[in-house]
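Take a look at the structure below.
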Amino acid sequence: MEQRDSRTAPPVLGVGMVGYAFMGAAHSQGWRTVGHAFDLPMRPVLAAIAGRDARGVRAAADKHGWAAAETDWRALIARDDVQLVDICTPGDSHAEIAIAALEAGKHVLCEKPLANSVAEAEAMVSAAEAARSRGQLAMVGFNYRRVPALAFARRLIADGRLGTLRHIRVTYLQDWLVDPDFPLTWRLQREHAGSGALGDLGAHIVDLAQYLTGDLLVGVSAQMETFVRERPRLDGASSGLTAAGGTRRGPVTVDDAAVFTGRLASGALASFEATRMASGRKNSLRLELNGEDGSLAFDLERLNELSFHDHREPAATAGFRRIVVTEPEHPYLEGWWPPGHALGYEHTFAHQARDLVEAIASGVDPTPSFADGLQVQRVLAAVEESAQKNSVYTPVQAVQAEVR
């Protein structure tokens, strides 16, 4: 059997992951498959995974292909075979783990939202900036940026195909909390999740609006509501968006839904709806952008498609046309299948891993950065403040001049 010359093999990037539930499984899939789809300048190795429950984390390591399991995230960070720490825990631990990892000389990928508060996010940005001077990079995981159709939409907008943007509409609807007897998981407790639908779903659509337009939200007017204020306390462990409840009930301390309007720095108007109370909607993320020269529309439930209208065409034949985003020329598609062969949700995590590995290998700042995550956090904070003040228009403190 022919031996590969070790002198030509790409260097290893040892990945350590903290957390192994829903997002841990999704990130594991990305790290496990990215090297099979793309030619990478570094070879990701699933070195170790950490979680508090010894049996659970060992089972996750075996299932997802991690070489070792730890029950203390500090021990994972200290491992010599870990160069990158991937954080897939609830938001209340993001800041502590990310800052410790960066100070230990590790690169960091952190799930969204970046933190549970603006203060925590600011501390993470400061740590990332200090680490950058030492060669460590940090990225926040807004995986929907890596849907090929949305990356292609960004390209079309940046190329001026829509002209001056005027309206952005984004909704993210789920229904897993419609049942009032769904138990009180960590996602329903402010001390763990920071917020409810706003941080869970709203963070995604705020980031997408700013990413696609290349512009920042400068102010919002919002309403929020918690429709079910008490739920059964958790009986045992939860898994993803499923759980079992007991007989005792406890208070829900986050929002079930958030609706808000906003203004971009360019003057364009935006509207947002995020809810986990939309019966029949499992994971429905839809957006539309309207400009003087055209419009784009996207539906996550048809994630290989983009609807495009060129308003400069003759009215007699103009209209929305369906673009199937599976061509090799489309973003990320060079690594996958022949045209017309669809991709899925899990591929966004492979694309995220590819972009981060390439950034680390080249020493280029990855996107979205922790500063981008802080910008989203400041929008979420402004939404909460506006809702608390009876929807008064609330300015958003900007972090940077543009979105990358």
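Numbering (our numbering), first residue to last: 5 to 408.
Backbone N, C-alpha and C define an ideal beta-carbon position, used for all residues, glycine too.
Quick caveat, the model's predicted, so the values are computed rather than measured.
With a 10 Å radius around its C-beta and 16 neighbouring C-beta atoms as the bar for buried, classify residue i as buried or exposed.
i, result
"A155", "buried"
"G164", "exposed"
"P4", "An answer regarding residue 4 cannot be provided, because it is not within the stretch 5 to 408 covered by the chain."
"G18", "buried"
"S137", "exposed"
"G377", "buried"
"K116", "buried"
"A341", "Sequence inspection shows Trp at residue 341; the Ala mentioned does not correspond to that position. Per the 10 Å Cβ criterion, exposed."
"P45", "exposed"
"H40", "exposed"
"V151", "buried"
"Q7", "With a pLDDT of 41 at Q7, under the threshold of 50, the modelled position of this residue cannot be trusted; read the value that follows with caution. The residue in question, Q7, is exposed, as its Cβ has fewer than 16 Cβ neighbours within 10 Å."
"R252", "exposed"
"S283", "exposed"
Can you check DSSP and say which residues form a bridge with residue i?
i, result
"E234", "P255"
"S275", "R173 and T265"
"F302", "L291"
"G223", "R267 and P399"
"L188", "R237"
"E74", "A54"
"R326", "S311"
"D90", "M21 and L113"
"A142", "V112"
Using DSSP with H/G/I as helix, E/B as strand and the rest coil, what is residue i?
i, result
"L384", "helix"
"N287", "coil"
"G295", "strand"
"S311", "strand"
"V182", "coil"
"Y148", "helix"
"D84", "coil"
"M1", "Because the chain in this structure spans residues 5 to 408, residue 1 falls outside the shown range and cannot be described."
"V112", "strand"
"G39", "helix"
"M46", "coil"
"E229", "strand"
"A409", "With the chain represented from 5 up to 408, any question about residue 409 goes unanswered, as that position is not in the structure."
"L27", "Reading off the sequence, residue 27 comes out as Met, not Leu. Here M27 sits in helix by DSSP."
"H345", "coil"
"Y215", "helix"
"Q7", "Residue placement at Q7 is poorly supported in this model, since its pLDDT is 41, which falls under 50; the coordinates still yield a value, given next. It is coil, neither helix nor strand."
"R358", "helix"
"H98", "helix"
"Q193", "coil"
"L166", "coil"
"V61", "helix"
"T321", "coil"
"R316", "coil"
"A282", "coil"
"A363", "helix"
"G34", "helix"
"S373", "coil"
"K393", "coil"
Can you tell me which of the options puts its alpha carbon nearest to the alpha carbon of residue i?
i, options, result
"V328", "W340, V400, L181 and A346", "A346"
"A65", "I53, D76 and D57", "I53"
"P370", "R382, A108 and A142", "A142"
"E292", "T75, I91, L166 and E126", "L166"
"T257", "E305, R285, L202 and E100", "L202"
"G95", "D239, V380, G323 and G198", "G198"
"I161", "V122, Y215 and E133", "Y215"
"A274", "L289, N294 and D314", "N294"
"E296", "H315, Y24 and T352", "H315"
"H334", "I101, T75, A41 and N308", "N308"
"P48", "Y24, G23, S283 and V16", "V16"
"A131", "G254, Y176, V232 and L106", "L106"
"A301", "A213, G23, A108 and V361", "A213"
"N120", "A207, G20 and D76", "A207"
"N287", "V122, Y176 and D84", "Y176"
"E100", "V22, V86 and G145", "V22"
"D211", "E362, D85 and L118", "L118"
"F26", "Y349, D185 and F42", "Y349"
"V361", "G200, V380, D43 and A13", "D43"
"V61", "T75, W35, G271 and R306", "T75"
"S299", "T217, A71, R191 and L384", "T217"
"H351", "P343, A363, Y336 and A365", "Y336"
"L289", "L205, L192 and S390", "L205"
"G323", "P332, E305, V129 and S311", "S311"
"L169", "L88, K67, Q401 and D219", "D219"
"Q379", "K110, A320, A125 and R78", "A125"
"R83", "G109, H98 and H68", "G109"
- request: Check whether the region 351-367 touches the region 30-40, counting contact only when three or more Cβ pairs, one atom from each stretch, lie closer than 8 angstroms.
  value: yes
query: Counting pairs of Cβ atoms below 8 angstroms between the region 258-269 and the region 277-285, do you hit three or more?
result: yes
message: Is it the case that the region 224-240 contacts the region 383-395, given that we only count it when at least three CB pairs across the two stretches are under 8 angstroms?
response: yes
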